[in-house]
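Q:
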Amino acid sequence: MALDQQSNWDADMADNLRQVTSKHKQKSQLSIATSSTPPTPFKPWTKPPIYLPDEILLQIASYLRNQQASLASCAVLSQQWYSATVPLLYAHPNLHGPNFAPFVAAICPSINLHVRPSRLAKLVKTLDMRRMVHEVSRTSTARLLGRTKENLEAFVAPQASFGLNCLPALSKCQHLRALDLSLVSESPPLTELFRTLERLGELRTLRLPRSAGFGVHSKRAETAALVWPPKLEDLSLSGGIDAHFLHGVVAFPQTLKALTIEHCPLAKGFAVVHLLKTAVRKLQKLEKLKIAHMPRLSSRALDDLLFLLPQIQDLSVSVDYITPALFDEGHYSHLAKEPYNTFSHLAQAFDPNPGTLLDPDESKEEAEMETPSLKTHALRTLTLTSSGNTGLEDKISPIDILIALDEGSLPNLRVVRAAKALHWHSNATSADAEALADGLKEAAKRTYLRELGRDEVEMVDGEHQPWEEGVGVWVIEG
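full-length UniProt numbering applies: residue 1 is where the sequence shown begins, and numbers increase by one.
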């Protein structure tokens, strides 16, 4: 009986499906028959295309400058589109494994430049080879540098394909502004490298190789004679840098505005502090400093950092090497009382003219006239990072900085960024972080009113105030 019921059910469902399908087909045919406008057949475009001025094409292409695939598609539309997009396509090429060989073939159509030069080589402004490992040889790297030297502005060297034979071509890149050698596994000789860097008159940003020979194997006479690029502003040091370098073997250029010291497993705390006291402190144009990933530094190795560098406006430091004493004005009293301000070592410092020593008496008078203080410090942006080690969550809290603000220290501080590993966003600390943000805004308001020469200003509830722009506390990755 159950089988008969199932058969009846299947038969009924099949009949219903045929009826619904038939009705839908009849309705479609009826709508087509009663339609007043017949379907329009496809007609090929016979009129000439609308001409767009080159300025409009360039404006359109400017929105695609970071989309390599879209630029390549536009380049094959017409000769006009080709002329508008190819300069953007080759200015900052996105190089990776599959497209590297075609790129080399386009830039270097022949081994000998005089046999078959490429007009595309002059368009390259950025040569980023950080993702090239086995696809390129040192000869290919040198050849690419030689072909793109005319307008090349930024170069990121590959890990295993940059060597001594690349230096002659690199020295001819007279418009180079940024050079990143941090990935190079085998650095060329230090003297040869600096002889090349000395010729790069427009170089602003430099990241030295982690294997650079600033160590025990470097001769003092050779390293003391090294000359930095004349306009260098941003320098990054990493890797095998030991106490020989950090004790002043190499002097920094006076043009530096940003300095990064990170990933130096051989650098000890006393050597880093000595470097800050001697070579770094006299850099009057230095505005930004970053120190991180220094495993041999102690938990309070950099507590004197703000006192040693009163000119710093942007500081990024790992909480692994500092304590709340960094923000305590009283902590620095023992340094201020030291005779001759031994932290500065100005008597042994070189002035901007190489080879000329400062007069010890003049250095002593200058050091005694200007004693650094947190109440006049230039710090504006503070970034607290973490190495990820356990036990650092509560080492620096928002209250430590807020107390310093209440005491009148760090009057120019406006931005505080804390790594997520410090847990400033947790329920236990979020209220303190909000209080710190309010304290930063109050300090910004006092400065704003002082510049206007007023005691108070009218405020409207809910309206954003001008002194609050960019002021606050943020939680970041790191």
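From the three backbone atoms N, C-alpha and C, an ideal C-beta is built for every residue, glycine too.
Quick one: what's got a C-beta closer than 7 Å to Thr94's C-beta in the same chain, skipping five residues either side?
A: This sequence places Asn at residue 94; Thr is not what is there. Correct list, in chain order: Gln68.
Q: In chain order, which continuous runs of the alpha helix (DSSP H) of length 4 or greater are located wholly inside the segment 394-440?
A: Counting only runs of 4 or more, we get 398-406.
Q: Under 8 Å, with one C-beta from each stretch per pair, do the segment 317-326 and the segment 379-387 reach the 3-pair mark?
A: At 8 Å Cβ cutoff, the stretches touch.
Q: On the criterion of 16 or more Cβ atoms from any shown chain inside 10 Å, does Pro209 qualify as buried, or is it exposed?
A: Answer is buried; the Cβ neighbour count reaches 16.
Q: For Glu469, which residues from the same chain have a beta carbon less than 7 Å from its beta carbon, with the 5 sequence-adjacent residues on both sides left out?
A: The answer is none, since no qualifying residue turns up.
Q: Taking the straight line between their C-alpha atoms, what separation do you get for Glu287 and Val76?
A: Going by the C-alpha atoms only, they are around 47 Å apart.
Q: Evaluate contact between the segment 151-165 and the segment 179-199, counting only Cβ atoms and requiring at least three cross-stretch pairs below 8 Å.
A: In short, these stretches touch, since the Cβ pair count reaches three.
Q: If you follow the beta strand (DSSP E) that Ile261 is in, where does it begin and where does it stop?
A: Start and end: Ala258 to Glu262.
Q: Taking 7 Å as the limit between beta carbons, can you name the residues of its chain near Pro44, skipping five residues before and five after?
A: None.
Q: Does the structure place the segment 370-380 close enough to the segment 394-402 that three or more beta carbon pairs sit under 8 Å?
A: Verdict: no, contact absent.
Q: For Ala75, name the three-state secondary structure that DSSP assigns.
A: Reduced to three states, the DSSP call for Ala75 is helix.
Q: If you count every other CB in all the chains shown that lies within 10 Å of the CB of Glu451, and 16 or more means buried, which is it?
A: Per the 10 Å Cβ criterion, exposed.
Q: By DSSP's criteria, residue 491 is part of a beta bridge. Which residues make up the other side?
A: Residue 491 is absent from the model: the chain starts at 1 and stops at 478.
Q: Less than 6 Å between C-beta atoms, sequence neighbours within five positions excluded: which residues of the same chain meet that for Leu289?
A: The answer, listed in chain order, is Leu259, Ile312 and Leu315.
Q: CB-CB under 6 Å to Ala325, same chain, minus the five flanking residues each way: which ones, in chain order?
A: Closer than 6 Å at the Cβ level, and outside the excluded window around Ala325, lie Asp303 and His331.
Q: Do you know how far the Cα of Leu449 is from the Cα of Ala418?
A: Taking the straight line from one Cα to the other gives about 28 Å.
Q: What's the C-alpha gap between Leu283 and Glu477?
A: Leu283 and Glu477: Cα-Cα distance of roughly 30 Å.
Q: For Gly388, report the span of its alpha helix (DSSP H) as first-last.
A: Here Gly388 belongs to no alpha helix (DSSP H), and DSSP marks it neither H nor E.
Q: Does the distance from the C-beta atom of His92 to that of Thr126 stay below 8 Å?
A: A contact, by the Cβ cut-off of 8 Å.
Q: Going by C-alpha distance, which of Ser140, Leu181 and Lys122 is nearest Leu152?
A: The shortest C-alpha separation from Leu152 is found at Lys122.
Q: Of the residues Cys173, Leu144, Tyr82 and Pro87, which one's Cα is nearest the Cα of Ile111?
A: When each option's Cα is compared against that of Ile111, the closest is Leu144.
Q: Which of helix, strand or coil does DSSP assign to Asp128?
A: DSSP places Asp128 in strand when its eight states are reduced to three.
Q: For Thr196, count neighbouring C-beta atoms within 10 Å of its own C-beta (all shown protein chains included) and say buried if the count is 16 or more, exposed if not.
A: The residue in question, Thr196, is buried, as its Cβ has 16 or more Cβ neighbours within 10 Å.
Q: As a quick exercise: from Pro229, Glu192 and Leu206, pick the residue whose alpha carbon is nearest that of Arg199.
A: Ranking Pro229, Glu192 and Leu206 by Cα distance to Arg199 puts Pro229 first.
Q: In whole angstroms, what is the alpha-carbon distance linking Pro53 and Leu120?
A: Approximately 23 Å, taken between the alpha carbons.
Q: Can you say whether Tyr51 is buried or exposed, counting buried as having 16 or more other CB atoms within 10 angstroms of its CB?
A: Per the 10 Å Cβ criterion, exposed.
Q: My output table needs one value for Trp467: the three-state DSSP class, helix, strand or coil.
A: Helix at Trp467.
Q: Tell me the DSSP bridge mates of Ile111?
A: Answer is none; Ile111 lacks a bridge partner.
Q: Identify which residue in Lys445, Asp394 and Ala443 has its Cα closest to the Cα of Leu422.
A: It is Asp394.
Q: In chain order, what residues of the same chain have a beta carbon less than 6 Å from the beta carbon of Ile261, not counting five sequence neighbours either side?
A: Excluding sequence neighbours, Ile261 sits near Leu237 and Ile291.
Q: Which word fits Glu41, buried or exposed, when buried means at least 16 other C-beta atoms lie within 10 angstroms of its C-beta?
A: The question names Glu, but residue 41 is Pro in the sequence shown. With fewer than 16 Cβ atoms within 10 Å of its Cβ, Pro41 is classed as exposed.
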